[in-house]
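Peer 1: From first to last, the protein sequence lines are chains E and X. Per the working numbering, residue 2 is the first one in the first sequence, and the count goes up by one each step. Per the working numbering, residue -9 is the first one in the second sequence, and the count goes up by one each step.
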Amino acid sequence: MKNFTYYRPTTTEQAVSLLEGRWGNTELLAGGTDLLALQKNYIAQPGRVVSLTGIAGLQTIVVGQQNVQIGAGVTLARIADHPDLRRLFPALTSAAGDIGGPQIRNMGTLGGNLCQRNRCWYFRDEHSPCLLRGGNRCSAIEGENKYHAIFTANHRCVIASPSTLATGLIALGATAEVLGPQNRRRTIQLANFFNAPTGPNDREHNLAPNEIVTGVTIPVRGLNNAAYEVRQKQSSDWPIVQVAVAFAGGRNGEKATGVKIVLSHVAPTPIIADGANRAVENRAITDAIAVAAGQAAVAGAKPLSQNGYKVRLVEVAVKRALTIAAGLPRYWEV
Amino acid sequence: MPWPVNRRLIGRSHRRLDGPDKATGRAKYAFDVKRPRMIFAKILRSPHAHATIRSIDTAAAEKMPGFRALHIIKKAGADVFFAGDEILAIAADTEEKLDDCLRAVRIEFTVLPHYVKESESLRSPTNTAGGAGATNIVGVGDLATDNFAEVAFNGAAATHQGDYGIAVISHQCLESHGLVAEWDDKLQNLTVWASTQAVPATAERLRVVFGLQPGRVRCITNYMGGGFGSKFGPDIQGETAAHLARTARMPVKLMLDRAEEVTVGGIRPSAYGNVYIGAAPSGQIKFYKVDCYGTGGTSRGQTVNFGLLPYVYGPGIPNIKRKHRVVRTNIQISRAMRAPGHPQNAILTELAIDDLAAKLDKNPMEMRLINLPPNDSADAAANPRTFPGMRATIYRREIEIIRRMCNWDQNWHRPGAGQGTIRTGLGMALHTWGGGGNGPNPTRVTINANGTVLAQSSSQDLGTAQRTVTAIIVAEILGLQPSEIMVDIGDSSFGPSTGSGGSTTCPGTSASTLKAAETARDAFLMALAGRLNTQPAMLSIEPGVIVNRANNNQRIPFRQACGMLGVPSVQGNADWPTVPDRAQNAALREEWQTRLTNLGVGGVQVAEVKVDTETGVVRCSRFWAVQDCGMIINKLACESQVAGGVIMGINYALYEECIYDRATGRQVNPDMEFYKLGGIQDMPNIYVHMMDMPERGVIGIGEPPTIGTAAAVGNAVFNALGVRVPYAPYTPERVLAALANRR
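Here it is as structure tokens:
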């Protein structure tokens, strides 16, 4: 690990003032579940590390009538266990409760989950060619890609977006609160938060190098919502695909409206499955509609040499997430 | 019977004496050792899968802050044969400075062609893996039984031909390979704290490497954090640490990091084969033909156990034809891994039997009962306690037990007969192993005047049972409790011992422990008799007391008796009989090898799986294992050993696979993230039944309980789906592909 200077500011303003206008030399540290591994593997080699753990303002959860605000430093374990969040946003809390294992959830944070680097094994091996590390080719396209993106059209880098909180937050219409230099605050729809990187100067999100996420705001609209992930192991594993859905109505024969179906681990960014949304919009959710939504969700998928199976898994995950959100029997739990 | 007939402790369940120490961290492993002035070392490895080293420039590294010593392993001009191959090592003051030093080394390579996929290496026109040979194919086995003829295939009521296989997996030891090396001031004595399953052998190898006098190297392994056949010596990393420690004149710690552990700590070879099998209408297998290959990386050894193919049932199958090729690849060498070749054999045999049974519409349990290897009558006549003479009897008994345990008759259904999205299936497999002990394993038991009892041997604690097993045996003989025995193991200064390989530790040490305890007891009673003015024959040991029949059955508490000895201590020493091939030792040898201990076990396992037919995710939901191990010393440890083997087998059935990138030849998952290992939530309830056959003596079971597990899981998946998933691990993509092929 390269030596670095460690900072632990106590306010978000101080933290922002420590950042630079370019990526790489200064990195933000929250739970450390991502950055420390990147540093040990010399993928990240910052000269300065700014810890966010001393900023009390990032640790709060405020449940209001109109919306809920969650600080970026709130741990995944707190999100997963919060009674109000569990009641209002099961898409978020079930996803948080599924992440990694207890150790990861006790350290990992909301902000870290949104801003983490991708898990591509070529990106994380300094001896493998990788566009994101300045290489001239993507090793995954011709290489070992069973966990990579299946929506690959127009993407030179085929990472799978790793955040599983993103899907629920996008489906629920959440926004991210962002703080930049000179106390400049801005709000980004989570749907616009993510970026498909293609080179070493890109990140998997649209923040500027001198901005930080301070929290997210989720509107309270009484939406039915759920998340479902297909994972091979129950203990400490990444999802192979993950889906979150949210809609108004849609239970007891009532039509679903405002349908949002969001997919993760299938493309370089989380993606909103518009075709699937249309397949469900203004319809009562039945098994047949859920199946049709799953099929619509994978239209346009262009899997790689080894991950065609993920197309099928997206169909199933969409169907199951809709089934949960609609309150239908979980036929796969026996 | 040479073991006590009335056994107060042996054969019952005892908690591990060192469990609390291990759980709380009081137990110190090699990885935990911190010596005064200790520095750190790491090996610089080839990033390329095959290359020639053109030049090495360490000048900048040697000027880095914290640099202490350099050790060159391969010089310019040498070839490297896998990504991870060792080139040089550096020692530095801290681990951080060490990394900086290593990154300052400049090495130029000429990159050469490589193969990391065995199917491609099989077709390679050149040798990319080094050594002699025109291609990467190094071992060809081609054997058929006498009179084998294709005509054997005629007249079979059913035949089946199918592909089966299992991937290259990593040993993935939780405590990585390596050691801490420390020299004395005059560089004449070396002490190492090593993670090894062969304590004296590790010391001896280092002694030879450094040309030291006997007794000058001491290896200490008080606790051992995982070894499955890959830790039989210091290895390059251990020798390197000792070199660096000598150069730097400071203690050096060199333990592999996780990525190194996975990429160089040892692999288990793959095996892939096409099997053609046929049976008579009765279900009796008439022929078995296999054409298989596998890779052990750059190793030249077998990947299956060729002599034992087809597995278990071979002695009852009249026509056998087998072909096997060892295909080298540019990945690390294979290390013997927990029953080398046997799990591969089980995959290439047991799965084909279930496919054949399905063709015959036969229950696979009945199919196995029909095809059990017959008891070897000659063997049975020569010695009624050996396994070949009773194998059919043992398997039959085990199958009957497991049939009831898992309620097979109720729970088994025809392949694919279930309904719904989640399909349940049952599958079974048989296995066999040797597990006989041997010497030298000298053991010393000391009874001290202060009432303490100490048992010492250099043998290591590989299987987590060794300390407790030793204590149980000594306590049994001395009328004490296991917790009253101090056990010192894992130190080469206690003398020789055999490495813990082949399930030999318990049988190899328990006999000498018994004899040492008995000798110590006799010396104790002799000394005590002198003090009590009686004959030793008048004294006997009962739990906690010495009974003196010469004095009205006076009961003297053990501790008090120790205080009456009049000498500081009495000792008993014992070891395996030496010069075992001499005629006068034949009876003694027979006692040690077929009565005190023995060789050869069988076991039966049944897996229940639940397969999500939409996602292809397989979960092992329940598991049953019936295992024979001759005479049980610690029932709880045996059950635990079996459960551990099952857990390992489920892992390589469902999750484990080393994945290599074709272009770079590098392993993409040298970690615990994408090199998947099941956690507690992924493991089933495991129900273990131990057969206790004390008349056979002690037999090791380190290996057996993991052998058939993956095959049982594979057959359970087949039973659930009615379609064969050919290759383990049975991952979602493979399960979905198999289901799609059926549609």
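The beta-carbon is built from N, C-alpha and C at its ideal position, and this holds for glycine as well. Since this is a predicted model, take the numbers as computed values, not measurements.
For my contact list, Gly425(X) and Ser493(X) are in at a C-beta cut-off of 8 Å; report their separation, rounded to the angstrom.
Peer 2: Sure, about 4 Å apart at Cβ, within 8 Å.
Peer 1: By DSSP's criteria, Ile80(X) is part of a beta bridge. Which residues make up the other side?
Peer 2: Ile80(X) pairs with Lys32(X) and Leu60(X).
Peer 1: Identify which residue in Val231(E), Thr54(E), Arg321(E) and Ile273(E) has its Cα closest to the Cα of Val608(X).
Peer 2: It is Val231(E).
Peer 1: Considering just the uninterrupted stretch of the beta strand (DSSP E) at Thr100(X), what are its terminal residues?
Peer 2: Its beta strand (DSSP E) spans residues Arg96 to Val101.
Peer 1: Which residues in the same chain have their Cβ closer than 6 Å to the Cβ of Ser738(X), if we skip the five residues on either side of it in sequence?
Peer 2: Chain X is shown only over -9 to 733; residue 738(X) falls outside these bounds and no answer can be derived.
Peer 1: Please report the straight-line C-alpha distance between Ala285(E) and Gly453(X), rounded to a whole angstrom.
Peer 2: Each residue's Cα considered, the two are about 59 Å apart.
Peer 1: In the DSSP assignment, find the unbroken alpha helix (DSSP H) run with Asp175(X) in it and report its ends.
Peer 2: Element bounds for Asp175(X): n/a, residue is neither H nor E.
Peer 1: Let me check understanding here. Comparing Cα to Cα, which of Ile62(E), Val50(E), Tyr7(E) and Asp35(E) lies closest to Thr218(E)?
Peer 2: The option with the nearest alpha carbon to Thr218(E) is Ile62(E).
Peer 1: Got a sec: which bits of the segment 22 to 45 of chain X sit with their beta carbon under 8 Å from any beta carbon on chain E, in order along the chain?
Peer 2: Flagged, chain order: Pro37.
Peer 1: Distance check for Thr27(E) and Glu21(E), CA to CA, integer angstroms please.
Peer 2: Glu21(E) and Thr27(E): Cα-Cα distance of roughly 7 Å.
Peer 1: CA-CA distance, Asp682(X) and Met418(X)?
Peer 2: Each residue's Cα considered, the two are about 22 Å apart.
Peer 1: Can Val294(X) and Ala261(X) be called in contact, C-beta distance under 8 Å?
Peer 2: Against a cut-off of 8 Å, the Cβ pair of Ala261(X) and Val294(X) comes out as a contact.
Peer 1: Suppose contacts are defined by Cβ-Cβ distances below 8 Å. Is Glu466(X) in contact with Leu7(X) by that definition?
Peer 2: Their beta carbons are not under 8 Å apart, which means Glu466(X) does not touch Leu7(X) by this criterion.
Peer 1: In chain E, what lies closer than 8 Å to Lys107(X) by C-beta?
Peer 2: Within chain E, no residue comes near Lys107(X); the closest Cβ sits about 11 Å away, beyond 8 Å.
Peer 1: Applying a beta-carbon distance threshold of less than 8 Å, which residues of chain E neighbour Leu78(X)?
Peer 2: Under the 8 Å cutoff, chain E gives no residues; its nearest Cβ is about 17 Å from Leu78(X).
Peer 1: Does Lys666(X) come within less than 8 Å of chain E when only Cβ atoms are used?
Peer 2: Lys666(X) counts as touching chain E.
Peer 1: So, are the CB atoms of Gln151(X) and Tyr301(X) less than 8 Å apart?
Peer 2: No, the pair does not count as a contact, with Cβ atoms beyond the cut-off.
Peer 1: Where do the ends of the alpha helix (DSSP H) carrying Met240(X) lie?
Peer 2: From DSSP, Met240(X) is part of no alpha helix (DSSP H); its letter is neither H nor E.
Peer 1: Using only alpha-carbon positions, find the residue among Pro719(X), Ser289(X) and Thr339(X) that is nearest to Gln322(X).
Peer 2: Minimum Cα distance to Gln322(X) is reached at Ser289(X).
Peer 1: At a threshold of 7 Å, does Thr287(E) count as lining the ligand PLP (C-beta to nearest heavy atom)?
Peer 2: For the ligand PLP, the structure offers nothing, since it holds no ligand at all.
Peer 1: Who pairs with Ala597(X) in a beta bridge, going by DSSP?
Peer 2: Ala597(X) is bridged to Gly417(X) and Phe613(X).
Peer 1: Which class does Ile442(X) belong to by DSSP, given the choice of helix, strand or coil?
Peer 2: Note on residue identity: the sequence assigns Thr, not Ile, to residue 442(X). If DSSP states are grouped into helix, strand and coil, Thr442(X) belongs with coil.
Peer 1: Using alpha carbons as the reference points, say which of Ala407(X), Gly489(X) and Ala439(X) lies closest to Ser185(X).
Peer 2: Closest option to Ser185(X), Cα to Cα, is Gly489(X).
Peer 1: Buried or exposed for Val(-5)(X), please, with buried defined as at least 16 other CB atoms from any protein chain shown within 10 angstroms of its CB.
Peer 2: Exposed, since its Cβ has fewer than 16 Cβ neighbours within 10 Å.
Peer 1: Given Asn117(X), which residues of its chain have a CB within under 7 Å of its CB, disregarding the five upstream and five downstream residues?
Peer 2: Once the five neighbours on either side are set aside, the close Cβ partners of Asn117(X) are Gly123, Ala124, Thr125 and Asn126.
Peer 1: In chain order, what are the residue ranges of uninterrupted beta strand (DSSP E) at least 3 long that sit wholly in the segment 620 to 691 of chain X?
Peer 2: Entirely contained in the segment 620 to 691 of chain X, the beta strand (DSSP E) runs reaching 3 residues are, in chain order, 675 to 681.
Peer 1: At 3 residues or longer, and completely inside the segment 11 to 50 of chain E: list those beta strand (DSSP E) runs for me, N to C.
Peer 2: Runs of the beta strand (DSSP E) inside the segment 11 to 50 of chain E: 27 to 30.
Peer 1: Does the beta-carbon of Arg186(E) have 16 or more other beta-carbons within 10 angstroms, so that it is buried, or is it exposed?
Peer 2: Arg186(E) is exposed by the Cβ-count criterion.
Peer 1: Between Ala92(E) and Ala227(E), which are expected to be in contact by the criterion C-beta below 8 Å, what is the C-beta distance as a whole number of angstroms?
Peer 2: Yes, they are in contact, since the Cβ atoms of Ala92(E) and Ala227(E) sit about 5 Å apart, within 8 Å.
Peer 1: When the Cα atoms are used, what is the spatial distance from Pro378(X) to Asp618(X)?
Peer 2: Looking at the two C-alpha atoms, the distance is approximately 13 Å.
Peer 1: In angstroms, rounded to a whole number, what distance separates the CA positions of Asp366(X) and Gly306(X)?
Peer 2: Rounded to whole angstroms, Asp366(X) to Gly306(X) spans 10 Å at the Cα level.
Peer 1: Taking all protein chains shown into account, do 16 or more other C-beta atoms lie within 10 angstroms of the C-beta of Asn119(E), making it buried, or fewer, making it exposed?
Peer 2: The residue in question, Asn119(E), is buried, as its Cβ has 16 or more Cβ neighbours within 10 Å.
Peer 1: Mind checking the segment 629 to 657 of chain X against chain C and listing, in chain order, the residues whose C-beta falls within less than 7 Å of any C-beta there?
Peer 2: Chain labels in this structure do not include chain C; the protein chains are E and X.
Peer 1: What residue range does the beta strand (DSSP E) around Glu108(X) cover?
Peer 2: No beta strand (DSSP E) holds Glu108(X); the alpha helix (DSSP H) holding it covers Glu108 to Ser111.
Peer 1: Inspect the beta-carbon positions of Thr433(X) and Ser447(X) and report whether they are closer than 8 Å.
Peer 2: Cβ atoms of Thr433(X) and Ser447(X): closer than 8 Å.
Peer 1: Pull the bridge partners of His314(X) from the DSSP assignment, please.
Peer 2: Answer is Gly131(X) and Cys282(X), bridged to His314(X).
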